[in-house]
Amino acid sequence: MTLELRGITKRFGPLVANDRISLTVEEGEIHALLGENGAGKSTLMNVLYGLYQADEGEIVLDGVPMTFAGPGDAMAAGIGMVHQHFMLIPVFTVAENVMLGNESTGFAGKLDIDAARERVREISARFGFDVDPDALIETLPVGVQQRVEIIKALSRDARVLVFDEPTAVLTPQETDELMAIMRQLKESGTSIVFISHKLREVRAIADRITVIRRGAVVGESSPTATNAELAALMVGRPVELTVHKDPAKPGADALVVRDLQVTDATGHVHLDSISFSIATGEVLGVAGVQGNGQTELTEALLGLQAHVKGSIELDGHQLVGRSVRKVLDAGVGFIPEDRQADGLVEDFTLAENLMLNRSHGKPFVRFGTIRRKMLETFASEKLVEYDVRARGIESTAGQLSGGNQQKVVVARELSRDLRLLVAAQPTRGVDVGSIEFIHKQVVATRDSGVPVLLVSTELDEIAALSDRIMVLYRGKVIGIVPADTPRETLGLMMAGERPEGVVA
Amino acid sequence: MRRGKKGVPEQPETPESTPETPEAPEVPEPTAADDVVPEKEEGSPSQWQGVLREIAMGHALVSVLSVFLAVVVGSLMILLTDEDVRTAASYIGARPGDFFTAVQEAISGAYGALFRGAIYNSDAELFETKIRPITETLKYSGPLILAGLGVGLAFRAGLFNIGGRGQMLLAGAAAGWVAVSVDLPIALHLPLAVLAGALAGALWAGIAGVLKAKSGAHEVIVTIMLNYVGYYLVFYALSQQSWLQAPGSGNPKSEAMPESAILPKLLGDKFNLHLGFVMALVAVVFVWWLLNKSAMGFRFRAVGENPDAARASGINVGRTYTTVMLIAGALVGLAGVNQVLGTATSGVTVDLDAGIGFDAITVALLGRSRPLGILAAGILFGALKAGGFAMSASEGIPIEIVLVVQSLIVLFIAAPPLVRALFRLPKEATA
């Protein structure tokens, strides 16, 4: 099925989210829609899926102009969507989710669950999905949940499949598997729209690439284009993709972690007696597939974990057993992996967010009262210094794009007197321009003599910033290796293998 | 998948919430990566709390329109229950004029009486009698404001304090006990009694705060249950000669308050308005300062908006819950003190809260949990209370109409989408 979007324009009040966007997806083609967060990709797809009505323009399927009043119409016309937030009910089984919204019933409204089961089995078999129709969604890994979404779309005979940032939630292996599935779908004649801001993936899978920026198409490209070309198109200016940094000048060990063990309330072990140290002026990158203990490690360092054994010494002071506030006071800066959950209060102003972890005393609080003037001056300076694009310090954090939100967090943490920086996924969900900026800040922090612990699931980021790399697998340290270790070796280590010559 | 607000996938961003930076006109899409984080074990605000926050802190216009709608529906009820209107309606086809005259008379009669009862009685001859209604309104609004502040403050820290009744009862009993059992000059006796009441309210609410902090027990359940415990505790105390019961009496009631522990009248003996209203005004200023200027209030709000971020920022969330409940309880407690030592000084009874503990929730909701909003809402409810009596006495309109109007206000506030739809307010580019 050929999908054509002609001059789609969508406005929200004075804001033009989509400005006369046209694109064509041929049958059996993977068409990538590349753009930064906030460029208008999701809006466009919501227009296609009938969630929004376009103010101008039309959607044409196989030469027939269509109007979609809602997702139901879009589905009926053969458009399926795999959302970035799965539309699945966790306590339902796979089969129940697949038939949801499309239930076939028998006598007296009895659900025909067997037919749904059969449908799941059939589609699973066709694409080699290996999905059990009776498994509960909540018990499935994220990658498999995504397959259920795909099955759901296919079970309604979707001929055009839209994948909205599908790899954001996946591990590298799951990403590879997804790409294989997409190729298979393409072979079977399905047209695919692949929305992403990840250059590597787009180039690996797409047949054609349309780049949009600020709501408008700024160019078409082929997968043979270089990362730099695509990034420049996407951002609108040449972008530094490599991080320039001098060799590290490590000093004495500042952070020394010994036999750190973290368990949760149920006794499940998340970190199994790991030991490492970071010297002043050094970045230790923590690599690993998400969910192998990284979250617990950063939280344990900050004092957010309840069941911690072992020792965390910073400049000779024991941190284990201290409250979060005492840890912060000891000079630990923390960029949490989920800024919206743990880093910011979305309804607070930027000024308030910038003092979030300094409400107990100097310099912003005197006699229990917040010194507004001082805070406002400070906040205004930081917005400029950290290039936060916002209307002003009275904007709320929730109004900002992901990259600007992250810059607020970075500004807050780096403007304190740090003895250690813990940066967890500092550029996740952040636009290319902001990534560049944040990377420079991390390197500058290192160069000022502060030890940095960098956690990232993106191997590129780890490789670009780290001086040494520690690989975590199932809560254990597989090895600590030099930064120039080949990707393949790191990949093996992330899968739990310890190559020869690597010591844990 | 992570939390209420983001739970609805791909909820379109509202146009208002988009940044309007000249160089970056972007629609912030919820980015994929932002929503991938494993769920927290505890403390993450549930979807329910997101809804609660929306109800408790929604838009001011919604409050105003809710009042308006409630009054409209209330007016219809007045018409439906009015004899003349019903009679005229039976021959509306023959003489429609009669019907509309009757309607007009019923409505103007009702609201005229409400106005004369609540603000200014133009029918009275003496000036003092003319302005008496407004002082009554203020008298009634005092405890509503105090208790409303207690509920609203807890709201701001993400806690739903339903325990107003229990807190008022305990506070009233404690203040009454100090009033009748010690003998001091007024300069000491009154402050001591007030303090005892505030303290009792604080401790009673503090139980819910501590339990929430230590065990995660939900404050809604705990405060509701503490209402019962408090009620029967005070009832017991009032039935025991050795505790609070008036000597020689068989009724569950204490002695009348001694002169030295009574809140002084503000405008002389001709008016009932007493110092309790000033106490309420001071409390408004205090809570305003606390929430908007102080570091402690900053932490309250941070915990209320995002407990996870607060915890990661070194704020002790559990201690904050405890502190905020202590202060909230003290404020509600002052409402109880206001009743025992100001409005009904004939003695402590188990009815001293007079429904204020629950009305306070309405006041806090209508005032959007902001001190000045609560002040305005408290005065409005005080006026409804004062005027309701006049309406019922002079026009024969059942006093329940006022209660219905109050309840409808809550209903409309709790259903902002309904109000928005009725008035076609632009909000949320609904998909």
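If you're matching them up, the sequences are chains A and B in order.
Basically the working numbering = 1-based index in the first sequence + 19.
Basically the working numbering = 1-based index in the second sequence + 287.
Glycine included, C-beta positions come from ideal geometry on N, C-alpha and C.
Residue nearest to residue i in terms of C-alpha spacing, selected from the options
i, options, result
"residue 356 (chain A)", "A:382, A:443 and A:315", "A:443"
"residue 688 (chain B)", "B:439, B:357, B:471 and B:348", "B:357"
"residue 159 (chain A)", "A:108, A:208, A:173 and A:187", "A:108"
"residue 143 (chain A)", "A:127, A:117 and A:130", "A:117"
"residue 39 (chain A)", "A:148, A:121 and A:25", "A:25"
"residue 580 (chain A)", "A:192, A:37 and A:511", "Since the displayed chain A opens at 20 and closes at 523, residue 580 (chain A) lies outside it and no answer follows."
"residue 296 (chain A)", "A:285, A:315, A:273 and A:174", "A:273"
"residue 181 (chain A)", "A:163, A:201, A:162 and A:192", "A:201"
"residue 617 (chain B)", "B:437, B:692 and B:588", "B:437"
"residue 368 (chain B)", "B:421, B:705 and B:682", "B:682"
"residue 490 (chain A)", "A:512, A:504, A:469 and A:472", "A:512"
"residue 589 (chain B)", "A:366, A:492, A:312 and A:313", "A:366"
"residue 538 (chain B)", "B:552, B:522 and B:549", "B:522"
"residue 551 (chain B)", "B:477, B:452 and B:402", "B:477"
"residue 206 (chain A)", "A:179, A:216, A:220 and A:193", "A:179"
"residue 157 (chain A)", "A:110, A:75, A:54 and A:140", "A:110"
"residue 155 (chain A)", "A:286, A:164 and A:105", "A:164"
Closer than 8 Å to chain A by CB, residue i
i, result
"residue 707 (chain B)", "no"
"residue 573 (chain B)", "no"
"residue 602 (chain B)", "yes"
"residue 585 (chain B)", "yes"
"residue 570 (chain B)", "no"
"residue 373 (chain B)", "no"
"residue 611 (chain B)", "no"
"residue 547 (chain B)", "no"
"residue 308 (chain B)", "Low local confidence applies: a pLDDT of 38 at residue 308 (chain B) is under 50, so the model's placement there is unreliable, with the coordinate-based value given in what follows. Taking Cβ atoms only, chain A reaches closer than 8 Å to residue 308 (chain B), which makes this a yes."
"residue 598 (chain B)", "yes"
"residue 617 (chain B)", "no"
Chain B contact for residue i (CB, 8 Å cutoff)
i, result
"residue 361 (chain A)", "yes"
"residue 475 (chain A)", "no"
"residue 344 (chain A)", "yes"
"residue 163 (chain A)", "no"
"residue 378 (chain A)", "yes"
"residue 364 (chain A)", "yes"
Cβ pair residue i, residue j closer than 8 Å
i, j, result
"residue 397 (chain B)", "residue 371 (chain B)", "no"
"residue 389 (chain A)", "residue 580 (chain B)", "yes"
"residue 123 (chain A)", "residue 134 (chain A)", "yes"
"residue 668 (chain B)", "residue 404 (chain B)", "no"
"residue 562 (chain B)", "residue 629 (chain B)", "yes"
"residue 103 (chain A)", "residue 45 (chain A)", "no"
"residue 80 (chain A)", "residue 173 (chain A)", "no"
"residue 483 (chain B)", "residue 504 (chain B)", "no"
"residue 267 (chain A)", "residue 238 (chain A)", "no"
"residue 647 (chain B)", "residue 619 (chain B)", "yes"
"residue 534 (chain B)", "residue 528 (chain B)", "yes"
"residue 456 (chain B)", "residue 496 (chain B)", "no"
"residue 598 (chain B)", "residue 343 (chain A)", "yes"
First and last residue of the uninterrupted beta strand (DSSP E) at residue i
i, result
"residue 229 (chain A)", "227-232"
"residue 544 (chain B)", "Per DSSP, residue 544 (chain B) belongs to no beta strand (DSSP E) and is neither H nor E."
"residue 181 (chain A)", "179-183"
"residue 289 (chain A)", "288-298"
"residue 38 (chain A)", "34-44"
N-terminal and C-terminal residue of the alpha helix (DSSP H) that residue i is part of
i, result
"residue 501 (chain A)", "That residue, residue 501 (chain A), is in no alpha helix (DSSP H); its beta strand (DSSP E) goes 495-501."
"residue 221 (chain A)", "218-224"
"residue 476 (chain B)", "473-502"
"residue 487 (chain A)", "No alpha helix (DSSP H) contains residue 487 (chain A), which is instead part of the beta strand (DSSP E) from 487-492."
"residue 466 (chain A)", "451-466"
"residue 261 (chain A)", "Looking at the DSSP string, residue 261 (chain A) is not in any alpha helix (DSSP H), and its letter there is neither H nor E."
**Request:** Would you check if the segment 322-333 of chain A and the segment 270-282 of chain A touch, i.e. whether three or more CB-CB distances between them fall below 8 Å?
**Result:** yes
**Asked** Is the segment 443-458 of chain B close to the segment 689-707 of chain B, with three or more CB pairs under 8 Å?
**Response** no
**Request:** For the segment 305-315 of chain A and the segment 474-494 of chain A, state whether three or more C-beta atom pairs, one from each stretch, are separated by less than 8 Å.
**Result:** yes
**Request:** Could you tell me whether the segment 508-528 of chain B touches the segment 482-499 of chain B, where touching means 3 or more Cβ pairs closer than 8 Å?
**Result:** yes
**Request:** Give a yes or no on contact between the segment 400-414 of chain B and the segment 565-578 of chain B, applying the rule of three or more CB pairs nearer than 8 Å.
**Result:** no
**Request:** Evaluate the contact criterion for the segment 218-237 of chain A versus the segment 64-79 of chain A: three or more CB pairs, one atom per stretch, below 8 Å.
**Result:** no
**Asked** Per the contact definition of three or more C-beta pairs closer than 8 Å, is the segment 313-324 of chain A in contact with the segment 399-411 of chain A?
**Response** no
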